[in-house]
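Just so you know, the protein sequences line up as chains H and V, in that order.
For the first sequence, our numbering begins at 2 and goes up steadily by one.
For the second sequence, our numbering begins at 26 and goes up steadily by one.
Ideal Cβ placement from N, Cα and C applies to all residues, glycine included.
All figures in this text were calculated on a predicted structure; none of them were measured in a lab.
Below is one structure, written out as structure tokens; the observations come after it.
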Amino acid sequence: QKEVEQNSGPLSVPEGAIASLNCTYSDRGSQSFFWYRQYSGKSPELIMSIYSNGDKEDGRFTAQLNKASQYVSLLIRDSQPSDSATYLCAVRSEGSSYKLIFGSGTRLLVRP
Amino acid sequence: DGGITQSPKYLFRKEGQNVTLSCEQNLNHDAMYWYRQDPGQGLRLIYYSQIVNDFQKGDIAEGYSVSREKKESFPLTVTSAQKNPTAFYLCASQSTGGIYEQYFGPGTRLTVT
């Protein structure tokens, strides 16, 4: 059973701080990794995708991938109250270009 | 304006009734998906379709049925055989060339009493 694990939280950080969200996965053959943001009552929104080891930056967001340790993380710099949401990690395995496996999400609260 | 539309946004049904949820996309994506989300849980795959007239069961297909007669449309029927149908249903689509990113529609919240 391929699994994606996330701490459910809530992760509480003050406004302006760096929020660090982590995700581990069980399938070593995983090739593609995605972070989605989901506000309460809304659908998930894709915010980052990463395919190679290392860091990928997009504005205030940085995704970090370490395939040897089988973890992927999302850093949010200068956190804002509007970043308060649930962040879902999703993983695509090798040979499965059509299916994603989702973690259950980490709830982030940014305190003003 | 490209995107994925789902209708209705909220749906209420009595137990024992079948109900069909609509999903349409104009992104020219080949693959489409249906997920179910329960409170505090991640997304679980119900059905997916890679091309027109073909679809595969996901992890929780029992009690659900789909069709894919057009590239743009992938309706989901929740049958009376589904034991716990009350949930948030999400449709997604994905390009099959290169990046394979999935994008979601706004969702349909189904309540069965």
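- request: Output yes if chain V places a C-beta closer than 7 Å to the C-beta of H/PRO45; else output no.
  value: On the first sequence, position 44 is the one that residue 45 of chain H refers to. Yes, because at least one Cβ of chain V sits closer than 7 Å to the Cβ of H/PRO45.
task: Please name the residue in V/THR136, V/THR138, V/GLN50, V/ALA112 whose C-alpha comes closest to that of V/ARG69.
output: For the purposes of this step, residue 69 of chain V is taken as the residue at position 44 of the second sequence. Cα-wise, what sits closest to V/ARG69 is V/ALA112.
task: Could you tell me whether the Cβ atoms of H/ASN106 and H/GLN7 are closer together than 7 Å?
output: Mapped onto the first sequence, residue 106 of chain H falls at position 105. Mapped onto the first sequence, residue 7 of chain H falls at position 6. The question names Asn, but residue 106 of chain H is Gly in the sequence shown. Yes, Cβ-Cβ distance for H/GLY106 and H/GLN7 is below 7 Å.
message: Measuring alpha carbon to alpha carbon, tell me which residue in H/ALA18, H/LEU89, H/ALA69 is nearest H/ILE48.
response: Working through the first sequence from its first residue, we reach residue 48 of chain H at position 47. Checking every option, the nearest Cα to that of H/ILE48 belongs to H/LEU89.
- request: Mark V/PHE37 as exposed unless 16 or more other C-beta atoms lie within 10 angstroms of its C-beta, in which case mark it buried.
  value: Position 12 of the second sequence, counted from the first residue, corresponds to residue 37 of chain V. That one is exposed.
field: Spatial neighbours of H/GLU50 in its chain, beta-carbon cut-off 6 Å, leaving aside the 5 residues before and after
entry: If you number the first sequence from 1, residue 50 of chain H lands on position 49. It should be pointed out that residue 50 of chain H corresponds to Ser in this sequence rather than to Glu. If we look at H/SER50 and ignore the five residues flanking it on each side, its Cβ neighbours are PHE35.
field: Close beta carbons around H/ALA86, own chain, < 7 Å, minus the five adjacent residues each side
entry: Position 85 of the first sequence, counted from the first residue, corresponds to residue 86 of chain H. Once the five neighbours on either side are set aside, the close Cβ partners of H/ALA86 are ARG38, GLN39, TYR40, LEU109.
message: At the 7 Å Cβ level, is H/GLY104 part of the contact set with chain V, yes or no?
response: As a position in the first sequence, residue 104 of chain H is number 103, starting the count at 1. Yes, because at least one Cβ of chain V sits closer than 7 Å to the Cβ of H/GLY104.
- request: Please compile the residues from chain H whose C-beta is within a distance smaller than 9 Å of the C-beta of V/GLY130.
  value: The residue given as residue 130 of chain V occupies position 105 in the second sequence. Within chain H, the residues near V/GLY130 are SER44.
- request: Say whether chain H places a C-beta atom closer than 7 Å to the C-beta of V/ALA56.
  value: Locating residue 56 of chain V in the second sequence gives position 31, counting from the first residue. Closer than 7 Å to some Cβ of chain H, the Cβ of V/ALA56 qualifies, so yes.
- prompt: Would a check of beta-carbon distances place H/SER50 closer than 7 Å to chain V?
  reply: By one-based count along the first sequence, residue 50 of chain H stands at place 49. Closer than 7 Å to some Cβ of chain V, the Cβ of H/SER50 qualifies, so yes.
- request: Figure out for me which residue from V/LEU135, V/GLN127, V/THR138, V/THR136 has the closest Cα to the Cα of H/PRO45.
  value: Taking the first residue of the first sequence as 1, we reach residue 45 of chain H at position 44. For H/PRO45, the nearest C-alpha among the options comes from V/GLN127.
- prompt: Using a C-beta to C-beta distance shorter than 7 Å, which residues of chain H count as neighbours of V/GLN66?
  reply: Your numbering for residue 66 of chain V matches position 41 in the second sequence. Within 7 Å Cβ-Cβ: SER105.
field: the stretch 15–34 of chain H in contact with the stretch 74–84 of chain H per 3-pair CB rule at 8 Å
entry: yes
Near-chain V residues of the stretch 16–33 of chain H (beta-carbon distance less than 9 Å), N- to C-terminal order: SER33
query: Would the beta-carbon of V/GLY67 fall within 7 Å of that of H/PHE103?
result: Here residue 67 of chain V corresponds to residue number 42 of the second sequence, with the count starting at 1. Here residue 103 of chain H corresponds to residue number 102 of the first sequence, with the count starting at 1. Contact: yes.
- request: Evaluate V/GLN62 with the Cβ neighbour count: other Cβ atoms within 10 Å of its Cβ, from every protein chain shown; 16 or more gives buried, anything less gives exposed.
  value: If you number the second sequence from 1, residue 62 of chain V lands on position 37. By the neighbour-count rule (16 or more Cβ atoms within 10 Å), V/GLN62 is buried.
message: Which same chain residues end up closer than 7 Å to V/GLY41 when comparing Cβ atoms and leaving out the 5 residues on each side of it in sequence?
response: Against the second sequence, residue 41 of chain V aligns to sequence position 16. Closer than 7 Å at Cβ, skipping near neighbours: SER105.
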